[in-house]
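Asks: Got a structure for you, questions after.
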Amino acid sequence: MTRSNNNVRMAMAAIGAARWRSFLTMLGVIIGVASVVTIVSLGEGVKHQLTSQIEHTGKDLITVRGGRVADYDKSGKVSRVNILNLFAGTSLNDADYQTVLKAPGVQVAAPFAVLSGVPRTPDGVADPGASIVATNEKGAVALNQPIAYGSFFEARDNAEPAAVIGKRVAEDLFRENVPIGKTFILRGETFTVHGVFEQFAANPLTPGVDYNSTIFIPYDYAKQLPGSPIQPYQILVRPKAGVSSAALAGKLTDTLADAHGSQMDFSVLKANDSLAVASNVLNVLTAMVSAVAAVSLLVGGIGIMNIMLVAVSERTFEIGVRKSIGATNRQILGQFLIEALVISGVGGILGVLVSLLMNYLLRIFTNLQPVVTLPVMGVAVVAALAVGTIFGMTPALKAAHKDPIEALRRV
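Position in the sequence shown (first residue = 1) + 11 = my numbering.
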């Protein structure tokens, strides 16, 4: 124990004698650890947000999407996600919506189709960042999202230029929180605001669509607007009382397959399927980005090996003196290896602290809610120590095998 303590003290003294050089050596480890911990924390945080969103929208919600998004195993669980289909933007068509709407056991069926266009107020204020989504009178029920002001459009409004807007649209387009009764112009038609949604959670259900910056208009009226025919990117479905979502999802799959000529070019996802798909994609993305970030650890390890080789060359006389008074190869090896471990260990701890700061800033300035866990931080520090051990071994062995006479003669 005393010998180890002496090695640690000598390592700290050597690092303190070259503070800036030691810090720059640690920098690669700090960046690598901070990046990996932050990325994994973001992935875990998004999973928690997705779980909260599904709990908010309801576990009975079924999502019908274009393209075969996932494959299933024999137990009916998602086994593989087709990422290209997930992000290819394959759309459904109005016939699919009508098929779903008429299916037995369906209580709510709401199509969601994106339209192009820039809304403008009569006095010329535009909101180019707003998304336009066409849905029916069941849209709010399908999303399980309350209206903060006014009301959602009803069945009798489907043929009228009505609109319900997200909170951010109210602020950006109308410069007020409650623009009920105000109008805007879209594709040459004048729409009247009937309601304003409460604040949505970040990107509910659909990646790339922020419903806080979205204008919802009646689906039937949108079909009459000039331009290309609208195509739903998803249909949200809720079963009737007494009908399970699993049973209804099975029926919808069979019905749509018949309508598509037995081609499975669509997906019917239950709530837990949607979560599994999102989690699978997040795991893949997290692994890929973490692998890239881990390159910083490799660079940091190379930096440690480089600086330790320089240290061995600079301290040749010290090694010779220690060996001449009885230090063994094992003791010299331990001295330089512990020095490498101290550099990598301190770098790992500083990297964790930097990641905690980054996660704190992300929580403040974005809608993301990273989740940092002790196991992730522990694994990151252990990885940093492993890098120090691997890349510090070669310089330590070189120091341990120096001939004391040759070491003293070179000075």
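Every residue gets a Cβ at the ideal spot worked out from N, C-alpha and C, and that includes glycine.
Where I196 and D276 are concerned, what is the direct C-alpha to C-alpha distance, given to the nearest angstrom?
Replies: Rounded to whole angstroms, I196 to D276 spans 36 Å at the Cα level.
Asks: Does H412 come out as helix, strand or coil in the three-state DSSP assignment?
Replies: Of the three classes helix, strand and coil, the one that applies to H412 here is coil, per DSSP.
Asks: Taking A173 as the reference, which of A153, A233 and Y160 has the closest Cα?
Replies: Selected option, being the one with the closest Cα: A233.
Asks: On a Cα-Cα basis, can you pick out the residue from P122, V125 and S142 that is closest to R131?
Replies: R131 has its Cα closest to that of S142, out of P122, V125 and S142.
Asks: Grab the span of the alpha helix (DSSP H) containing R249 for me, first residue to last.
Replies: From DSSP, R249 is part of no alpha helix (DSSP H) but of the beta strand (DSSP E) over P243 to P250.
Asks: Excluding the five sequence neighbours on either side, which residues of its own chain have a C-beta within less than 7 Å of the C-beta of A260, listed in chain order?
Replies: Within the same chain, A260 has close Cβ partners I73, V279 and K281.
Asks: Helix, strand or coil: how does DSSP classify E171 here?
Replies: It is coil, neither helix nor strand.
Asks: To which residues of the same chain is I65 closer than 6 Å at the C-beta, ignoring the five residues directly before and after it?
Replies: A282 and L286.
Asks: Quick one: Cα of L216 to Cα of I349, how far?
Replies: At L216, the pLDDT of 44 sits below 50, so the modelled position is not reliable; the number obtained from the coordinates is stated separately. So the two alpha carbons sit approximately 50 Å from each other.
Asks: Considering Cα atoms alone, identify which of A410, G362 and V136 is closest to V387.
Replies: Ranking the options by Cα distance to V387, first place goes to G362.
Asks: With DSSP run on the structure shown, which of helix, strand or coil describes S301?
Replies: S301 falls in the helix class under three-state DSSP.
Asks: Taking the Cβ atom as the reference point for each residue, do F499 and M316 lie within a distance shorter than 8 Å?
Replies: The requested residue 499 does not occur in the structure, where the chain is confined to residues 12 to 422.
Asks: When the Cα atoms are used, what is the spatial distance from S102 to Q245?
Replies: Roughly 8 Å separates the two Cα atoms.
Asks: What's the call for K113, buried or exposed, on a 16-neighbour Cβ count within 10 Å?
Replies: Exposed.
Asks: Counting pairs of Cβ atoms below 8 Å between the segment 116 to 130 and the segment 151 to 169, do you hit three or more?
Replies: Verdict: yes, contact present.
Asks: I want to see whether chain C comes within less than 8 Å of A298, judged by CB atoms only; does it?
Replies: You won't find chain C in this structure, because it holds only one protein chain.
Asks: Checking 8 Å against the spacing of the C-beta atoms, do V383 and K251 come in under that value?
Replies: No, these two residues do not count as a Cβ contact at 8 Å.
Asks: In the DSSP output, what is F227 paired with across the bridge?
Replies: Bridge partners of F227: V144 and V175.
Asks: To the nearest angstrom, how far is it from the Cα of E10 to the Cα of F208?
Replies: With the chain represented from 12 up to 422, any question about residue 10 goes unanswered, as that position is not in the structure.
Asks: What three-state label does DSSP hand G428 in the structure shown?
Replies: It is not possible to answer for residue 428, since the shown part of the chain is limited to 12 through 422.
Asks: What beta strand (DSSP E) runs, 3 residues minimum, are completely inside the segment 65 to 142?
Replies: DSSP runs (the beta strand (DSSP E)) wholly in the segment 65 to 142: 73 to 77, 81 to 83, 89 to 92 and 117 to 126.
Asks: Measure the alpha-carbon distance for V295 versus L396 and round it to whole angstroms.
Replies: Answer to the nearest angstrom: the Cα atoms are 26 Å apart.
Asks: Please classify F402: does DSSP put it in a helix, a strand, or coil?
Replies: Helix at F402.
Asks: Only counting the same chain, and skipping five residues up and downstream in sequence, which positions put a Cβ closer than 6 Å to that of V398?
Replies: Once the five neighbours on either side are set aside, the close Cβ partners of V398 are L308, G312 and S355.
Asks: Does DSSP put E329 in a helix, a strand or coil?
Replies: Note: E329 maps to helix in three-state DSSP.
Asks: Apply the 10 Å Cβ neighbour rule to L352 and answer buried if 16 or more other Cβ atoms are within range, or exposed otherwise.
Replies: Buried.
Asks: Does V207 come out as helix, strand or coil in the three-state DSSP assignment?
Replies: DSSP places V207 in strand when its eight states are reduced to three.
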